[in-house]
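A.B. asks: Mind looking over this structure? Questions follow.
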Amino acid sequence: MDVNALFDLVSKEINKEKMVQNVKEIGKWHRYTGAAGGEACVDHLLSELEKYGVPAKAERYQAFVSLPIDEGTELVLESGEHLRLIGEVYSKAVENLDCELVYDHWSEQKKIYELEEKERLKSFRGKLVLTHSGGGDFAEKLFRAGAIGMIHISMSRGGYIHHCNIGAEWGTPSADAMNRIVSIPAADVSFEDGQMLIERLEHGETIKGFLTIRMESGVRNSRMVIADIPGKSENFILINGHYDSWYEGITDNATSDAIMLELARVFWKHREKLERSVRIAWWSGHSDARYAGSTWYCDEHLDELNKKCVADINLDLTGCKLAEQVRARTTCMEGEDFTASVIEEYTGYKAKPYIPMIRGGDQSFWGAHIPIDIMFKYEPVDEKRVSACPSGGPWWHTEQDTLDKLDNDILYRDALMNLKIACRILNSQVLPVEMCGFVEKMQGFLNDINASTEPDFDLTQVINAIEKMKPVLKKFEFEIKRVGSVEDDRIIKETAGELSRLVYTSGSPYQQDRSCAYAPFGVLKQQEGVNLKNVSEECYLFKKTEFKRACNRIIGQLEHVMWVMEQYLDRKVKFYVSNYSINTGRSI
9 MDVNALFDLV
19 SKEINKEKMV
29 QNVKEIGKWH
39 RYTGAAGGEA
49 CVDHLLSELE
59 KYGVPAKAER
69 YQAFVSLPID
79 EGTELVLESG
89 EHLRLIGEVY
99 SKAVENLDCE
109 LVYDHWSEQK
119 KIYELEEKER
129 LKSFRGKLVL
139 THSGGGDFAE
149 KLFRAGAIGM
159 IHISMSRGGY
169 IHHCNIGAEW
179 GTPSADAMNR
189 IVSIPAADVS
199 FEDGQMLIER
209 LEHGETIKGF
219 LTIRMESGVR
229 NSRMVIADIP
239 GKSENFILIN
249 GHYDSWYEGI
259 TDNATSDAIM
269 LELARVFWKH
279 REKLERSVRI
289 AWWSGHSDAR
299 YAGSTWYCDE
309 HLDELNKKCV
319 ADINLDLTGC
329 KLAEQVRART
339 TCMEGEDFTA
349 SVIEEYTGYK
359 AKPYIPMIRG
369 GDQSFWGAHI
379 PIDIMFKYEP
389 VDEKRVSACP
399 SGGPWWHTEQ
409 DTLDKLDNDI
419 LYRDALMNLK
429 IACRILNSQV
439 LPVEMCGFVE
449 KMQGFLNDIN
459 ASTEPDFDLT
469 QVINAIEKMK
479 PVLKKFEFEI
489 KRVGSVEDDR
499 IIKETAGELS
509 RLVYTSGSPY
519 QQDRSCAYAP
529 FGVLKQQEGV
539 NLKNVSEECY
549 LFKKTEFKRA
559 CNRIIGQLEH
569 VMWVMEQYLD
579 RKVKFYVSNY
589 SINTGRSI
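Under the working numbering, think of the first position of the sequence shown as 9, with each following residue one higher.
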């Protein structure tokens with residue numbers, strides 16, 4: 009059955025009311041990893057799948073979880089005010105810590121180089137740092153600088169305090185990463201309270217107080233639900249999202265959990281029509297354990313993922329009120345038109361340029377050489393946006409993410425969009441990859457970086473390696489599209505999947521890169537603007553070393569990809585010569 013016929017068949021089965029009811033059911037629990045509410049949600053998911061007849065199991069694992077305790081977490085100023093705070097995941101717990109605030113005015117800048125960073129950090133020793141910056145990298149810098157803590161200012165006006173995270177390791181840390189885990193008190197404050205403190209500090213006031221952050225951190229047992237719908241091939245697409253939440257977590261992520269239940273139901277009903285298989289996974293450990301669930305699953309099932317998983321479709325923040333616009337967040341290995349046509353069909357808006365895939369949202373599977381990776385971004389149109397938060401509005405990661413933030417029609421739309429994308433991959437004769445177009449974009453990234461770096465960070469060799477590969481790639485892609493089939497999924501993983509990995513990671517396929525902001529060719533991009541005027545001589549040398557090794561990695565792997573393509577082409581040539589000789593009695 010072709011992709012359009014498959015979608016026409018299964019899309020008629022999608023039941024909006026059933027999804028809405030499941031959102032309501034899932035939203036009854038505060039679904040923290042390993043806690044009673046999270047485990048109750050697992051039981052509900054398993055019960056629903058059993059009703060549908062879908063084979064499912066609960067995978068058990070351990071995660072290093074960190075949960076803030078709201079009650080008593082606050083900053084009490086000497087002047088008498090009590091400011092509500094929320095501890096950041098992996099914060100150190102403290103009780104009535106005597107502190108003096110300092111404002112990090114540098115955090116208003118977009119980029120800070122090493123010499124500026126040294127100047128910035130000088131004033132932080134022994135202080136509680138009020139900042140717009142966040143994340144694990146910055147927390148580590150504060151720790152090394154001798155700061156006693158961090159107060160991160162929430163981005164949304166209106167009294168919201170967003171849950172955030174200072175974990176720099178992706179998933180459960182390995183033993184050698186233990187020495188890199190920082191232990192610094194870190195919490196979030198509302199935008200309004202943050203601005204009040206900034207204004208008082210900038211008017212010369214000394215602000216002292218007592219900081220209390222209460223946390224529950226440690227190893228917890230948790231379960232994750234995995235459902236398998238077999239198609240004609242064992243090769244499968246992975247449809248996934250997290251079930252753990254902050255508070256009710258209606259749009260983050262009960263809506264996606266309900267959509268995935270519905271996709272499981274309709275795909276199971278029509279499983280005999282599927283050319284490839286479907287695996288649907290509900291992760292825990294997303295927010296409160298830094299993607300520990302999906303990372304554990306990748307570690308435990310890497311061999312199978314590496315051999316059989318052909319696409320990763322992640323659902324997060326679906327069904328949001330006000331989210332009229334959808335952006336394609338993807339590697340773009342499948343080509344921009346692949347998602348653009350679906351976006352325009354279901355939103356009525358012409359698709360904006362795709363967003364290169366981010367380092368976030370359970371993107372734990374780069375080592376498995378998965379060629380197609382899609383995670384739609386659902387958001388308000390620009391003129392209606394009231395917050396920089398992901399999702400429809402400022403309720404992201406707050407107790408305001410309640411049932412009134414659900415839009416039933418948008419929930420249905422998002423289910424159909426992800427269903428259509430899945431169908432187009434499941435029943436395509438050849439995986440819908442556009443490798444030549446992807447490589448052109450890759451070169452564009454590299455040319456942009458090259459134009460913004462010093463001569464010591466020259467990318468000519470890398471760009472030349474891509475040029476060398478292009479003729480072979482063109483022949484390979486032509487041949488795959490001409491005669492390829494599901495049987496060629498593996499060779500596409502070894503080529504297109506490896507090219508994606510090279511662009512979006514910096515290390516080994518068997519390890520996880522750290523949890524930090526990451527752009528395409530991130531290590532190379534970090535050298536933009538670096539020169540001996542803004543970094544020290546030793547830092548400049550270290551960066552050149554890091555840069556060279558990153559270039560060597562890319563060039564070496566491009567050579568390997570080209571070799572794999574040449575081997576494939578060579579086998580195809582021999583195959584056709586053999587058939588020609590047999591069928592005609594002639595030789596070529």
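Positions of the beta carbon are idealized from the N, C-alpha and C atoms, including for glycine.
#1: So, for R579: in the same chain, excluding its five sequence neighbours on each side, which residues have a beta-carbon less than 7 Å away from its beta-carbon?
#2: As a quick exercise: from D10, L330, W290 and S285, pick the residue whose alpha carbon is nearest that of C317.
#3: Please confirm if the region 260-273 is in contact with the region 56-68, defined as three or more CB-CB distances below 8 Å between the two stretches.
#4: Could you give the uninterrupted runs of the alpha helix (DSSP H) lying entirely in the region 286-366, keeping only those of 4 residues or more?
#5: Assess, as a yes-or-no matter, whether the region 309-323 is touched by the region 375-387 under the definition of 3 or more beta carbon pairs within less than 8 Å.
#6: Excluding the five sequence neighbours on either side, which residues of its own chain have a C-beta within less than 6 Å of the C-beta of E462, listed in chain order?
#7: Identify every residue that forms a DSSP beta bridge with V227.
#8: Relative to the C-alpha of L2, which candidate in E475, M443 and T468 has its C-alpha closest?
#9: Are the Cβ atoms of C331 and Y386 separated by less than 8 Å?
#10: Nearest-angstrom Cα distance between P402 and P76?
#11: Just list the alpha helix (DSSP H) runs in the region 445-513, keeping only unbroken ones of 4 residues or longer that don't cross its boundaries, in chain order.
#12: Specify the secondary structure class of F15 as computed by DSSP and reduced to three states.
#13: Straight-line CA distance for T347 to L424?
#14: Going by alpha carbons, who is nearest to A262 out of F218, D417, M27 and S523?
#15: Are there 16 or more other CB atoms within 10 angstroms of the CB of V389, so buried, or fewer, so exposed?
#16: Tell me where the alpha helix (DSSP H) around L419 begins and ends.
#17: Assign A183 to buried or exposed, taking buried as 16 or more other Cβ atoms, counted over all protein chains shown, within 10 Å of its Cβ.
#18: Under a three-way DSSP split, which group does L105 fall into?
#19: V137 bridges to which residues according to DSSP?
#20: Report the rounded CA-to-CA distance for K476 versus I563, giving the unit in angstroms.
#21: Would you give the residue range spanned by the alpha helix (DSSP H) that K392 belongs to?
#22: So F199 and I161 are in contact, right, with Cβ under 8 Å, and what is the actual spacing, rounded?
#23: Does the beta-carbon distance from S295 to W254 come in below 8 Å?
#24: Let me know the secondary structure DSSP gives V62 once reduced to three states.
#25: Where do the N-terminal and C-terminal ends of the alpha helix (DSSP H) with G144 fall, by residue?
#26: Going by DSSP, which residues form a beta bridge with G249?
#27: Rounded to whole angstroms, what's the CA-CA distance from K213 to E207? Just pull it up for me.
#28: If you check the beta carbons only, do G64 and V233 fall under 8 Å apart?
#29: Taking 8 Å as the threshold (beta carbon to beta carbon), is D381 in contact with chain B?
#30: Could you tell me which of V470, I500 and S493 sits nearest to L481, measuring between CA atoms?
#31: Give me whichever residues DSSP pairs with Y386 in a beta bridge.
#32: Rounded to the nearest angstrom, what separates Y576 and F484 at their Cα positions?
#33: Measure how close the beta-carbons of R367 and Y111 come, nearest whole angstrom, since I'm counting them as under 8 Å.
#34: In the DSSP assignment, find the beta strand (DSSP E) that holds V538 and state where it starts and stops.
#35: Compute the Euclidean distance between the alpha carbons of V569 and A147, then round it to the nearest angstrom.
#36: What do you get for S586, buried or exposed, if any count of 16 or more other CB atoms within 10 angstroms of its CB means buried?
C.D. replies: Let me spell this out:
#1: Against the sequence shown, residue 579 aligns to sequence position 571. Answer for R579: no residue qualifies.
#2: As a working mapping, residue 317 is identified with position 309 in the sequence shown. Cα-wise, what sits closest to C317 is S285.
#3: The answer is yes - the region 56-68 touches the region 260-273, with three or more Cβ pairs under 8 Å.
#4: 300-308, 310-316 and 344-355
#5: yes
#6: Sequence index remark: in the sequence shown, residue 462 carries index 454 (1-based). Same-chain partners within the cutoff: N539.
#7: Stepping through the sequence shown from its first residue, residue 227 is reached at position 219. V227 pairs with F72.
#8: The requested residue 2 is not part of the displayed model; the chain covers only 9 to 596.
#9: In the sequence shown, counting from the first residue as 1, residue 331 sits at position 323. In the sequence shown, counting from the first residue as 1, residue 386 sits at position 378. Residue identity differs from the one stated: residue 331 is Ala in this sequence, not Cys. For A331 and Y386, yes; Cβs fall inside 8 Å.
#10: Position 394 of the sequence shown, counted from the first residue, corresponds to residue 402. Position 68 of the sequence shown, counted from the first residue, corresponds to residue 76. Taking the straight line from one Cα to the other gives about 20 Å.
#11: Counting only runs of 4+ residues, the alpha helix (DSSP H) found wholly inside the region 445-513 occupies 468-491, 497-500 and 506-512, in chain order.
#12: In the sequence shown, counting from the first residue as 1, residue 15 sits at position 7. If DSSP states are grouped into helix, strand and coil, F15 belongs with the helices.
#13: Walking along the sequence shown from the start, residue 347 turns up at place 339. Walking along the sequence shown from the start, residue 424 turns up at place 416. Rounded to whole angstroms, T347 to L424 spans 13 Å at the Cα level.
#14: Taking the sequence shown and counting its residues from 1, the one referred to as residue 262 is at position 254. If we check each option's Cα against that of A262, M27 comes out closest.
#15: As a working note, residue 389 is residue 381 in the sequence shown. With fewer than 16 Cβ atoms within 10 Å of its Cβ, V389 is classed as exposed.
#16: By 1-based counting over the sequence shown, the position of residue 419 is 411. That run of the alpha helix (DSSP H) goes N416 to L434.
#17: The residue you call residue 183 lines up with position 175 of the sequence shown. Counting Cβ neighbours within 10 Å, A183 comes out exposed, since fewer than 16 surround it.
#18: Residue numbering aside, residue 105 sits at position 97 when the sequence shown is read from its first letter. It is a strand residue.
#19: Taking the sequence shown and counting its residues from 1, the one referred to as residue 137 is at position 129. Beta-bridge pairing links V137 to V110 and M158.
#20: As a working mapping, residue 476 is identified with position 468 in the sequence shown. As a working mapping, residue 563 is identified with position 555 in the sequence shown. Approximately 11 Å between the Cα atoms of the pair.
#21: Residue numbering aside, residue 392 sits at position 384 when the sequence shown is read from its first letter. Element bounds for K392: n/a, residue is neither H nor E.
#22: To locate residue 199, count along the sequence shown from 1; it is residue 191. To locate residue 161, count along the sequence shown from 1; it is residue 153. Between I161 and F199 the Cβ distance is about 6 Å, and since that is below 8 Å, they are a contact.
#23: Within the sequence shown, residue 295 is the residue found at index 287, counting from 1. Within the sequence shown, residue 254 is the residue found at index 246, counting from 1. Against a cut-off of 8 Å, the Cβ pair of W254 and S295 comes out as a contact.
#24: Mapped onto the sequence shown, residue 62 falls at position 54. Here V62 sits in coil by DSSP.
#25: One-based indexing of the sequence shown puts residue 144 at position 136. From DSSP, the alpha helix (DSSP H) with G144 extends over G144 to A153.
#26: The residue labelled residue 249 in the question sits at position 241 within the sequence shown. Bridge partners of G249: W290.
#27: Along the sequence shown, one-based indexing puts residue 213 at 205. Along the sequence shown, one-based indexing puts residue 207 at 199. A small correction: the amino acid at residue 213 is Glu; Lys does not occupy that position in the sequence shown. Roughly 9 Å between the two C-alpha positions.
#28: Within the sequence shown, residue 64 is the residue found at index 56, counting from 1. Within the sequence shown, residue 233 is the residue found at index 225, counting from 1. Correcting the residue type first, residue 64 is Ala in the shown sequence and not Gly. Yes, Cβ-Cβ distance for A64 and V233 is below 8 Å.
#29: The structure shown contains no chain B; it is built from a single protein chain.
#30: Numbered from its first residue, the sequence shown carries residue 481 at position 473. If we check each option's Cα against that of L481, I500 comes out closest.
#31: Position 378 of the sequence shown, counted from the start, is the residue given in the question as residue 386. Paired residue(s): V334.
#32: Start at 1 with the first residue of the sequence shown, and residue 576 comes out as number 568. Start at 1 with the first residue of the sequence shown, and residue 484 comes out as number 476. Taking the straight line joining both Cα atoms gives about 8 Å.
#33: Walking along the sequence shown from the start, residue 367 turns up at place 359. Walking along the sequence shown from the start, residue 111 turns up at place 103. Not confirmed; about 28 Å, so no contact.
#34: For the purposes of this step, residue 538 is taken as the residue at position 530 of the sequence shown. Here V538 belongs to no beta strand (DSSP E), and DSSP marks it neither H nor E.
#35: Translated into the one-based positions of the sequence shown, residue 569 becomes position 561. Translated into the one-based positions of the sequence shown, residue 147 becomes position 139. Their backbone Cα atoms lie some 38 Å apart in a straight line.
#36: Numbered from 1 along the sequence shown, position 578 holds the residue referred to as residue 586. Note that S586 has pLDDT 41, beneath the 50 cutoff, so the model's placement of it is unreliable and no number is given.
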